[in-house]
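**Q** With numbering that gives the first Met the number 0, letter number 343 in the sequence shown gets 342, and the count goes up by one each step, no holes.
Note that beta-carbon positions come from the ideal geometry of N, C-alpha and C, so glycine has one too.
Model, not experiment: these values are computed from the prediction.
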Amino acid sequence: MSVIGIDFGNESCYVAVAKAGGIETIANDYSLRATPSFVAFAGRNRVLGVAAKNQQVTNMNNTIGNFKRLLGRKFNDPHVQDELRTAPYQAEALPDGGIGIRVNYLDEEHVFTPEQITAMLFTKLKEDAFKELKTQINDCVITVPSYFTNAERQALLDAANISGLNVLRLMNETTATALSYGFYKQDLPAAEEKPRNVIFVDCGHASLQVSACAFHKGALKMLASCSDSVGGRDFDMVLATHFNKEFQTKYKIDASSKKRAFLRLLTEVEKLKKNMSANSTKLPLNIECFMNEIDVHSSLQRSEMEELASNLFKRIEGTMRKLLVDSKLAPEDIHSVEIVGGSSRIPAIKQLIEQIFGKPASTTLNQDEAVSRGAALQCAILSPAVRVREFSCTDVQAYPVLISWTDADGPHEMKVFEQYHAAPFCRLLTVHRKEPMTINVHYEPNSVPYPEPFIGTYQLKGIKPDANGEPQEVKVKVRINNNGIILVSSATMYERKESEEPVSPTPATNGDQKSGEGTQNAASPEGDDAGKAGEPMDIQEGSDDEHPKKDSKPNESSGEGWTQRVTRWFTSDKKKKVTTKQVELTIDPKTHGFVLADLSKYFEEEMKMIANDRQEKERIDARNALEEQVYEVREKIQEDGALHAYIDPQDASAICRELEDTENWLYEEGDSCEKGVYKERLEKMRAKIDPVRVRCEEYGGHEQAFIELGHAIQQTLKAVEQYRAKEPKYEHLTETEMINITEAAQKAQKWYEEARSKLVGVPKTQDPPVKLADIRHETQTLTTCTNSVLNRPKLKPSTPPADQAQQNGSSASSGNSAGGDSQQQQASGGDQRDANAPKQTTEDSMDVE
Numbered sequence: 000m001s002v003i004g005i006d007f008g009n010e011s012c013y014v015a016v017a018k019a020g021g022i023e024t025i026a027n028d029y030s031l032r033a034t035p036s037f038v039a040f041a042g043r044n045r046v047l048g049v050a051a052k053n054q055q056v057t058n059m060n061n062t063i064g065n066f067k068r069l070l071g072r073k074f075n076d077p078h079v080q081d082e083l084r085t086a087p088y089q090a091e092a093l094p095d096g097g098i099g100i101r102v103n104y105l106d107e108e109h110v111f112t113p114e115q116i117t118a119m120l121f122t123k124l125k126e127d128a129f130k131e132l133k134t135q136i137n138d139c140v141i142t143v144p145s146y147f148t149n150a151e152r153q154a155l156l157d158a159a160n161i162s163g164l165n166v167l168r169l170m171n172e173t174t175a176t177a178l179s180y181g182f183y184k185q186d187l188p189a190a191e192e193k194p195r196n197v198i199f200v201d202c203g204h205a206s207l208q209v210s211a212c213a214f215h216k217g218a219l220k221m222l223a224s225c226s227d228s229v230g231g232r233d234f235d236m237v238l239a240t241h242f243n244k245e246f247q248t249k250y251k252i253d254a255s256s257k258k259r260a261f262l263r264l265l266t267e268v269e270k271l272k273k274n275m276s277a278n279s280t281k282l283p284l285n286i287e288c289f290m291n292e293i294d295v296h297s298s299l300q301r302s303e304m305e306e307l308a309s310n311l312f313k314r315i316e317g318t319m320r321k322l323l324v325d326s327k328l329a330p331e332d333i334h335s336v337e338i339v340g341g342s343s344r345i346p347a348i349k350q351l352i353e354q355i356f357g358k359p360a361s362t363t364l365n366q367d368e369a370v371s372r373g374a375a376l377q378c379a380i381l382s383p384a385v386r387v388r389e390f391s392c393t394d395v396q397a398y399p400v401l402i403s404w405t406d407a408d409g410p411h412e413m414k415v416f417e418q419y420h421a422a423p424f425c426r427l428l429t430v431h432r433k434e435p436m437t438i439n440v441h442y443e444p445n446s447v448p449y450p451e452p453f454i455g456t457y458q459l460k461g462i463k464p465d466a467n468g469e470p471q472e473v474k475v476k477v478r479i480n481n482n483g484i485i486l487v488s489s490a491t492m493y494e495r496k497e498s499e500e501p502v503s504p505t506p507a508t509n510g511d512q513k514s515g516e517g518t519q520n521a522a523s524p525e526g527d528d529a530g531k532a533g534e535p536m537d538i539q540e541g542s543d544d545e546h547p548k549k550d551s552k553p554n555e556s557s558g559e560g561w562t563q564r565v566t567r568w569f570t571s572d573k574k575k576k577v578t579t580k581q582v583e584l585t586i587d588p589k590t591h592g593f594v595l596a597d598l599s600k601y602f603e604e605e606m607k608m609i610a611n612d613r614q615e616k617e618r619i620d621a622r623n624a625l626e627e628q629v630y631e632v633r634e635k636i637q638e639d640g641a642l643h644a645y646i647d648p649q650d651a652s653a654i655c656r657e658l659e660d661t662e663n664w665l666y667e668e669g670d671s672c673e674k675g676v677y678k679e680r681l682e683k684m685r686a687k688i689d690p691v692r693v694r695c696e697e698y699g700g701h702e703q704a705f706i707e708l709g710h711a712i713q714q715t716l717k718a719v720e721q722y723r724a725k726e727p728k729y730e731h732l733t734e735t736e737m738i739n740i741t742e743a744a745q746k747a748q749k750w751y752e753e754a755r756s757k758l759v760g761v762p763k764t765q766d767p768p769v770k771l772a773d774i775r776h777e778t779q780t781l782t783t784c785t786n787s788v789l790n791r792p793k794l795k796p797s798t799p800p801a802d803q804a805q806q807n808g809s810s811a812s813s814g815n816s817a818g819g820d821s822q823q824q825q826a827s828g829g830d831q832r833d834a835n836a837p838k839q840t841t842e843d844s845m846d847v848e
């Protein structure tokens, strides 16, 4: 199983995977690292990614792009209306106020939500990762803009669930970029030292995000993050509007009146914008047959573009200056400024960075892939399937969060999370109630780019007064989870009961311990699941001082004697005993996102569409195979074709007529048949042409097969002659063995001559009387018989025991005669004298019969 990180962008997506060798970006089926965020519907199948964008102009009504900004929003949202104003596809309001995108799919009208469209794109990314990694893809981390609200984050999670992805975390794009930067840095300051402050500027296709991050060794902490909906597409729109006005005056045509023409203009000005980032000279713009068969021509210089987009640069400057204020950093506190995102390549933005932060724009990171690489790192850290060193990431909550409720005293409101509060985080709030209550969670008004600050409404059920009719203590946990989503995760009521009973020291101690334990679990991080997860907690109200301590021991230090304690043991009066019981309350939430039934329905629909895509691909492959067969066979049976000499002219004419009929059928009523129909026609065609192919292979391979058989016969007869000539290498063979291989060679020779004679005069349009397999079988039979004899190794010669003893005695006497030499000289001399003698081994001393 592999873990991946997905950078889900408004224009394109990147997928990175964590491997043993590091982080690698996955290429799609077009060998491109960037997969366009486009989904299209063409007839009976879906088209995703690169292919969808390629048909944007020709199939614009059924091609969906720029849908990231529609996630989690309502149709009447002003931001949505701005997005749809330039969208070529048709959108409408759903019964619940959401957005529906109407397309033609399977020859029917279908309405899909932006979440479903996003799930289709995730399906494509998942398939590309599976093809590249050859393993199942489940766990992933998906990046989101830091300005995304609860509704948008939940919508993205719903889209991932529909596509079958298990999201370990939704990670802010700014934090992913910071992780990609800091994870491999070996020179970060220690925890007790002053942090390294780095600014990250991410200007993409649809938005600008500027963030400040403090780094320590093995940890990062986001300080602040500011954003604005300014991106590369806004510069494209400025340029397209400028040229459209020029064309209205110069050519009397209005591109904005036709969506297809305006799409072409946007595509061309995007290319011009990219060229202007590298060239300051005047660059041309030429579009052939733009409108009404009119060719348009114009030009623009970088300085003119900067003047046209001056209001956009002012917004970018304002966002950067706001970050300095929010992060409370001075220019001298900043170590460097890193830029990512395609639009950050615009020279004017780099100049603004140096002017505001006092540091030149640094390109240490891969501007396109840094976000996906950071997401893959985070996924590797979170997943148990991958071992990687820990790196702590502390994010921030972009907007202040309030909660409100109403009781007998009237409405109440309090701020639970300030802007840039650390995340993830869990805050425990204490209230005293005696009846069910409703808690409303919402953003601070006018703080979010969303018309409605609503986050969720949570009804706490099961609250009741105590035995005396008094309110009871209720602890409510409000959490920012790993995905940046704010929710009321749990609510607990503490029921306290008083009872009178004789209390002895031992029972009293036990009762106090139980009471103390219950209080500590309710009030301390150790008794809370968030505490176990390492998330900080803040207890607004309530304390455990009013309860006996767990380790308290009564009468230990009272000074009373043993007799007094024993007397009190038997004569103690009844005392009040207080017990605390924790009751988990039922929470009925009403917040953003699909309910479980809708999610299940959309998931089933996605699975059906995936199955339909697979069937359609198989159908198209079968059609293409039949079409290829038609063209291939026609080419080969023509006069200059490879099969022409092996087919009867009448059969060739009949096959040609059948090929022509099949070709006409393919482009008429056979254009949309099922896979089985194509396969049946293909099999019939192959049944007629395969015998011709086999005949061609037989005749074409005969000559080489006969050469190999003749060579094997000659080699065998040559070996027999060498044996007769008493050559040493065959002296260990017996006469019987040589007679056997001689007979085998003569038999093969006879078969060879008969087979040759059978083939004489046989036309190539008939099946050969001698098969290629028969010739090869004869060759293999002869070769096996011959090799088993000729390749048998010689037996090693044996040394008689008497000769060996004589040889040992000779060696010993020679050694004794050299008494004046050293032991080394004796050994050396002995080696020299026996250098030409055969080496003796254990096998040499064995008798061979």
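(1) Got a sec? Which residues, its chain only, sit under 6 Å from residue 116 by beta carbon, not counting five neighbours each side?
(2) On the CB-based measure, 16 or more other CB atoms within 10 Å of its CB, does residue 248 come out buried or exposed?
(3) Compare the beta carbon distance of residue 100 and residue 72 with 8 Å and say whether it is the shorter of the two.
(4) In whole angstroms, what separates the C-alpha of residue 443 from that of residue 267?
(5) Might you give, ordered along the chain, the residues of its own chain that have their beta carbon closer than 6 Å to the beta carbon of residue 458, omitting 5 neighbours on each side?
(6) Any chance you could list the beta strand (DSSP E) runs of at least 3 consecutive residues sitting entirely within the stretch 398-456, in chain order?
(7) What does DSSP give as the partner residue(s) for residue 21 in the beta ladder?
(8) Between which two residues does the beta strand (DSSP E) holding residue 290 run?
(9) Do residue 474 and residue 488 have their C-beta atoms within less than 8 Å of each other?
(10) Under a three-way DSSP split, which group does residue 213 fall into?
(11) Along the beta strand (DSSP E) that carries residue 331, what are the first and last residues, could you check?
(12) Looking at the secondary structure, which residues open and close the alpha helix (DSSP H) in which residue 346 lies?
(13) Distance check for residue 677 and residue 709, CA to CA, integer angstroms please.
(14) Mind checking which residues open and close the alpha helix (DSSP H) that includes residue 232?
(15) Counting C-beta neighbours from all protein chains within 10 Å, is the total for residue 585 16 or more, i.e. buried, or is it exposed?
(16) Going straight from the alpha carbon of residue 338 to that of residue 293, what length do you get?
(17) For residue 199 versus residue 311, is the C-beta spacing smaller than 8 Å?
(18) How far does the beta strand (DSSP E) with residue 661 in it extend, from its first residue to its last?
(19) Strictly by DSSP, which residues pair up with residue 7?
(20) Verify whether the separation of the beta carbon atoms of residue 274 and residue 282 is less than 8 Å.
(21) Is the beta carbon of residue 396 less than 8 Å from the beta carbon of residue 420?
(22) Please return the same chain residues whose Cβ sits closer than 7 Å to the Cβ of residue 82, not counting the five positions on each side in sequence.
(23) For residue 773, write down the residues that DSSP places opposite it in a beta bridge.
(24) So is residue 697 buried or exposed if we call it buried at 16+ other beta carbons inside 10 Å?
(25) Could you please give me the residues that DSSP links to residue 101 through a beta bridge?
(26) Here's the rule I'm using: 16 or more other beta-carbon atoms within 10 Å means buried, otherwise exposed. How should residue 613 be labelled?
(27) According to DSSP, is residue 705 helix, strand or coil?
(28) Short check: CB of residue 785 to CB of residue 740, under 8 Å?
(29) Sort 43, 371, 651, 139 by Cα distance to residue 22 and report the nearest one.
(30) Looking only at its own chain, which residues have a Cβ that is under 8 Å from the Cβ of residue 657, when we skip the five neighbours before and after it?
(31) Pairs of beta-carbons, one from the stretch 590-597 and one from the stretch 450-457, closer than 8 Å: are there three or more?
(32) Span of the alpha helix (DSSP H) holding residue 63?
(33) From the DSSP secondary-structure annotation, give me the bridge partner or partners of residue 339.
(34) Grab the span of the beta strand (DSSP E) containing residue 143 for me, first residue to last.
(35) Since residue 496 and residue 470 should fall inside the 8 Å C-beta cutoff, what is the C-beta to C-beta distance between them, to a whole number of angstroms?
(36) For the stretch 154-161 against the stretch 597-613, are there 3 or more C-beta pairs whose distance is under 8 Å?
**A** So, from the data block:
(1) 38, 63, 66
(2) exposed
(3) no
(4) 42 Å
(5) 437, 587
(6) 400-406, 409-416, 420-422, 424-432, 436-442
(7) 18
(8) 282-290
(9) no
(10) strand
(11) That residue, residue 331, is in no beta strand (DSSP E); it is neither H nor E in DSSP.
(12) 346-356
(13) 46 Å
(14) 231-249
(15) exposed
(16) 41 Å
(17) no
(18) Where residue 661 is concerned, there is no enclosing beta strand (DSSP E), although the alpha helix (DSSP H) it sits in stretches over 648-665.
(19) 12
(20) yes
(21) yes
(22) 65, 68, 69
(23) Residue 773 pairs with nothing; no bridge assigned.
(24) buried
(25) 89, 110
(26) exposed
(27) helix
(28) yes
(29) 371
(30) 684, 687
(31) yes
(32) Careful: residue 63 lies outside any alpha helix (DSSP H), inside the beta strand (DSSP E) at 62-64.
(33) 201
(34) 136-143
(35) Contact flag wrong, Cβ pair sits at about 15 Å.
(36) yes
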